[in-house]
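Position in the sequence shown counted from 1, then plus 4, gives you this note's numbering.
The structure appears right after this line, and notes come after that.
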Amino acid sequence: MEHAMIDNTPLPDLADAVCALEGAQVGEPRQLLGHQCIDGSWYVILYKPGALAVEVQFATHTCIAQRYSDSEVFIAPAQAEFVPYQLRVTYPEAVVVQADPFCLPLGLSATDLYYFRQGTEQQAQRHLGAHMMTLQGHRGVRFSVWAPNALAVSVTGDFNHWDSRQHPMARVEDSGVWAIFIPDVAPGQCYKYHIRTLSGEALLKADPYAFATELPPNTASRVSAVTLPKALDEQSYEQRERRNAIDAAISIYELHIGSWRRTADNQFLNYRELAAQLIPYVEEMGFTHIQLMPVSEFPFDGSWGYQSTGLFAPTSRFGSGDDFAYFCAQCRAHNIGVLIDWVPGHFPADAHGLGRFDGTHLYEHADHRQGYHPDWHTYIYNYERQEVRSFLTSSASFWLEQYGVDGLRVDAVASMLYLDYSREHGQWLANHLGGRENLGAIACLQQINSVCYGRNRGIMMVAEESTAWPGVTQTTDSGGLGFGFKWNMGWMNDSLRYMQLDPIYRQYHHHDMTFSMVYAYSENYILPLSHDEVVHGKGSLLSKMPGDSWQQHANLRAYLGFMWAHPGKKLLFMGGEFAQQREWDHNYALDWHLLDDPAHQGMQRWVKCLNQLYRSYPALHENDCDERGFRWLDGNNSQQSIYSFVRIANSLPQVVLAVVNMTPQVHHDFRIGVPHAGSYRVIANSDESQYFGSGVRVCAERPANEQPLLSEPLPWHGQSQSISICVPPLACVYLLWEAPDHE
5 MEHAMIDNTP LPDLADAVCA LEGAQVGEPR QLLGHQCIDG SWYVILYKPG ALAVEVQFAT
65 HTCIAQRYSD SEVFIAPAQA EFVPYQLRVT YPEAVVVQAD PFCLPLGLSA TDLYYFRQGT
125 EQQAQRHLGA HMMTLQGHRG VRFSVWAPNA LAVSVTGDFN HWDSRQHPMA RVEDSGVWAI
185 FIPDVAPGQC YKYHIRTLSG EALLKADPYA FATELPPNTA SRVSAVTLPK ALDEQSYEQR
245 ERRNAIDAAI SIYELHIGSW RRTADNQFLN YRELAAQLIP YVEEMGFTHI QLMPVSEFPF
305 DGSWGYQSTG LFAPTSRFGS GDDFAYFCAQ CRAHNIGVLI DWVPGHFPAD AHGLGRFDGT
365 HLYEHADHRQ GYHPDWHTYI YNYERQEVRS FLTSSASFWL EQYGVDGLRV DAVASMLYLD
425 YSREHGQWLA NHLGGRENLG AIACLQQINS VCYGRNRGIM MVAEESTAWP GVTQTTDSGG
485 LGFGFKWNMG WMNDSLRYMQ LDPIYRQYHH HDMTFSMVYA YSENYILPLS HDEVVHGKGS
545 LLSKMPGDSW QQHANLRAYL GFMWAHPGKK LLFMGGEFAQ QREWDHNYAL DWHLLDDPAH
605 QGMQRWVKCL NQLYRSYPAL HENDCDERGF RWLDGNNSQQ SIYSFVRIAN SLPQVVLAVV
665 NMTPQVHHDF RIGVPHAGSY RVIANSDESQ YFGSGVRVCA ERPANEQPLL SEPLPWHGQS
725 QSISICVPPL ACVYLLWEAP DHE
């Protein structure tokens, strides 16, 4: 093979180019590096910091490139017509043969980014971020990032010794996106974007579209060979549709992965270990769904995931994306739904994150009255910016499609909807109509829900929305936000306030427990007893209950019995099912040793019983969101603090009668009106000894609780029939009526 030397050949003037390269300020690298024409002559121009020598290997000959002055730039002669070549670079520690990225295509065009710029892209992660691919026979990674106001952008990582000068990116026409294809980069390698702002500041940013990250507290992104998700089979779709339907029994177990359980040496369980331990437990307890607090990558453990910097990356604390996919697949295999918390309301101000991404307020509003959250000291997304809408819409779709989760619980929706949320007069800007509604956020949420439901059959989108905003669960076609369900924060606040009262005072606050039925069918509600109620000095659910230890457990059993009979789907935070005593602390596992205590065993059995009944009897779940499914028998008995009502099925003649006594007083010969003549069988009594109750029987004069009660033609509570029972202390009782041919 012929070798050509150019040591004595006059070199073109590249002083300005060298200066730009050395300062990582090259905005148009393809006009400087690679195959270039300078003053009528053609060259291959290379920038190889640390290289001792560089050879340009063509098919027919090899040129030894000449170093330009004392710089890191090397130049070799070339023909006018481009001929493919590879490089042989000699470093002090190795000789590397590689392709020249500046002679390879970007693998991305402005056409690919059209919908991204329009704000309607549903899979922006296909075009942005780091993607393994093969271009012109070379295996490598295409990097692309949106930074429209940057002076220059480069990729820096362990594959180039974190040298921000080696791989400057090129603008993809006028899209605001920068891209480069780098051969030989492998999965698992770390990288960031080095962004030179218009003011000359140098920023190191993690990839907003990264599929994987370093283990915190490190903050680099990782190249991940994410594979296309395998489509669910028909059986899986049908199962998902059934378990997420509005008339389904939906009982959600909310948990924080890092503190549900830990290893013997106080280390996190990984996603696969979690699957092995959590799924059997959830099945045994009878929950239908698992809701994970945010799994998208976040820098600070103490944020619990609600300040995310990686909206496309499962947190590496618990394993890889493949590990998380395994967890989700195992849940599906056991017909357990998976919901994840997703946070589009704000993002943290960490230096490597989205804030001032290209030196300007790119993802957030420039005006702090709209772009900064005073409570959480975080940035607020600019929902009116089209590329931000594409980013958020794509993230929501990604979790549903890539990992097959059943749905998203969208955090802090109220903070998105109101421009004056948590702001005093003069601290917020009205919309163009003069109102306080965040019109951009409303449109963004509607778009997200429309896209997610349109692309994913049988999912459920859930809003944590704490105000009376109308139409949260109405369709977007009718002007609603388009969610499937909404947390009933009003029920939660009212009922917890009531339960914390000494029973002697409850008669004066009786309607705290009935007011929720005034609006119970205005939305499709989930009743939440979430992590928010057991942190920040609020104590555990058990510690909120008044009285001595026995009374606290009895109160909590009665409360949960009331909740499971009340219209609405159910959500319980981990530990609540066995009456965790101390307030939740994300640094430690739950106190599983409490299950050595009969009182805590009894609580766990009671929750298991409630889930079993809720799933078994259509009367308790079919009409959770339909007013035909509920009727008060007596909601006004404040003197005795007793609530009685019925739940009614649609699919068969079935009624469940619930009686809840919120005082320690036993009531003998207590008469209750019933909607049908016939027999009423006790199916649950929270005061049974197996639940650590006092053992008072509902049918005190009968030899066994299981023997049904027969109604009498004695009008009561506006009903033509009635029964007489014994009401246990601080207890909840369910009685079942079914038509004779269904008993």
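The beta carbon of each residue, even a glycine, is placed where N, CA and C say it ideally should be.
Task: Of the residues His721, Gly639 and Glu277, the one placed nearest tryptophan 264, counting alpha carbons only - done: Glu277
- [ ] Return the chain-ordered ranges of every beta strand (DSSP E) run that is complete within the region 401-469 and spans a minimum of 3 residues.
- [x] 411-414 and 464-467
Task: Whether tyrosine 738 touches leucine 661 by CB criterion (8 Å) - done: yes
Open item on the list: Please determine whether the Cβ atom of valine 58 lies at a distance below 7 Å from any heavy atom of the ligand FMN.
Closed with: This structure lacks the ligand FMN; in fact it carries no ligand of any kind.
TODO: Answer yes if the region 290-300 comes into contact with the region 197-211, meaning at least three C-beta pairs across the two stretches below 8 Å, and no otherwise.
DONE: no
Open item on the list: With the cut-off set at 8 Å, would you say threonine 667 and leucine 560 are in Cβ contact?
Closed with: no
Open item on the list: Looking only at its chain, what residues have a beta carbon closer than 8 Å to the beta carbon of phenylalanine 566, apart from the 5 residues adjacent to it on each side?
Closed with: Ser499, Met517, Tyr647, Ala662, Val664 and Cys736
Open item on the list: So, for glutamate 468: in the same chain, excluding its five sequence neighbours on each side, which residues have a beta-carbon less than 7 Å away from its beta-carbon?
Closed with: Same-chain partners within the cutoff: Arg413, Val414, Asp415, Ala416, Val417 and Trp491.
TODO: Specify, as a first and last residue, the run of the beta strand (DSSP E) that aspartate 638 falls within.
DONE: Per DSSP, the continuous beta strand (DSSP E) segment holding aspartate 638 begins and ends at 634-638.
- [ ] Could you spell out the range, first to last residue, of the beta strand (DSSP E) harbouring methionine 666?
- [x] Here methionine 666 belongs to no beta strand (DSSP E), and DSSP marks it neither H nor E.
Open item on the list: Pull the bridge partners of methionine 137 from the DSSP assignment, please.
Closed with: Methionine 137 is bridged by DSSP to Gly144.
Open item on the list: Please return the same chain residues whose Cβ sits closer than 8 Å to the Cβ of asparagine 627, not counting the five positions on each side in sequence.
Closed with: Asp251, Pro571, Gly633, Phe634, Arg651, Ile652, Ala653 and Asn654
TODO: Using only alpha-carbon positions, find the residue among Arg266, Val22, Pro318 and His377 that is nearest to lysine 52.
DONE: Val22
Open item on the list: Considering Cα atoms alone, identify which of Leu358, Trp166 and Arg393 is closest to glutamine 122.
Closed with: Among Leu358, Trp166 and Arg393, the Cα nearest to that of glutamine 122 is on Arg393.
Open item on the list: Taking the alpha-carbon of threonine 217 as reference, which of Asp600, Asn164 and Arg226 has the nearest alpha-carbon?
Closed with: Arg226
Open item on the list: In this structure, how does DSSP classify tyrosine 51 when only helix, strand and coil are distinguished?
Closed with: strand
Task: Contact under 8 Å by Cβ, tyrosine 2 with glycine 606 - done: Coverage of the chain is limited to positions 5 through 747, which leaves residue 2 absent and any answer about it impossible.
Open item on the list: Quick check on the DSSP output: the alpha helix (DSSP H) that includes lysine 548 runs from which residue to which?
Closed with: Start and end: 545-548.
TODO: Going by DSSP, name the residue or residues bridged to alanine 174.
DONE: In the DSSP secondary-structure assignment, alanine 174 is bridged to Ala183.
Open item on the list: On the DSSP bridge list, what partners appear for tyrosine 728?
Closed with: First, the amino acid is wrong: residue 728 is serine here, not tyrosine. According to DSSP, serine 728 bridges with Arg675.
Task: Neighbourhood of leucine 219 by C-beta, 6 Å cutoff - its chain only, sequence neighbours within 5 removed - done: The residues are Ser320.
- [ ] Please check the pair serine 168 and alanine 24, which I expect to be a contact at CB under 8 Å, by giving their CB distance rounded to whole angstroms.
- [x] Not quite, the Cβ-Cβ distance comes to about 13 Å (not below 8 Å), so this is no contact.
Task: Whole-Å CB distance - tryptophan 720 paired with arginine 675, under 8 Å assumed - done: 5 Å
Open item on the list: Does glycine 137 pass the burial test, meaning 16 or more other C-beta atoms within 10 Å, or should it be called exposed?
Closed with: Sequence inspection shows methionine at residue 137; the glycine mentioned does not correspond to that position. Methionine 137 should be labelled exposed.
TODO: Kindly indicate which three-state DSSP category arginine 389 falls into: helix, strand or coil?
DONE: Residue state, collapsed to three classes: coil.
TODO: Just the C-alpha distance for tryptophan 588 and leucine 576, rounded to the nearest angstrom, thanks.
DONE: 13 Å
Task: Per DSSP, cross-strand counterpart(s) of leucine 296 - done: Leu259 and Ile344
Task: phenylalanine 316 vs phenylalanine 215 beta-carbon contact at 8 Å - done: Result yes, Cβ atoms of phenylalanine 316 and phenylalanine 215 sit closer than 8 Å.
Task: Residues near proline 732 by beta carbon distance below 6 Å, same chain, minus five either side - done: Asp691 and Val700
Open item on the list: Once DSSP output is grouped into helix, strand and coil, what is the label at proline 81?
Closed with: In the three-state DSSP reduction, proline 81 falls in the strand class (E or B).
- [ ] Per DSSP, which residues does threonine 160 bridge with? Please list them.
- [x] Lys196
Task: Contiguous beta strand (DSSP E) assignments of at least 3 residues, all confined to the region 472-526 - done: 489-491
- [ ] Please confirm if the region 463-477 is in contact with the region 522-538, defined as three or more CB-CB distances below 8 Å between the two stretches.
- [x] yes
Task: Under the three-state DSSP convention, the category arginine 92 falls into - done: strand
Open item on the list: Along the chain, where does the alpha helix (DSSP H) containing tyrosine 367 start, and where does it finish?
Closed with: Unbroken run through tyrosine 367: none, as it is neither H nor E.
Task: Same chain, Cβ closer than 6 Å to isoleucine 729, neighbours up to 5 away in sequence not counted - done: Phe674 and Val702
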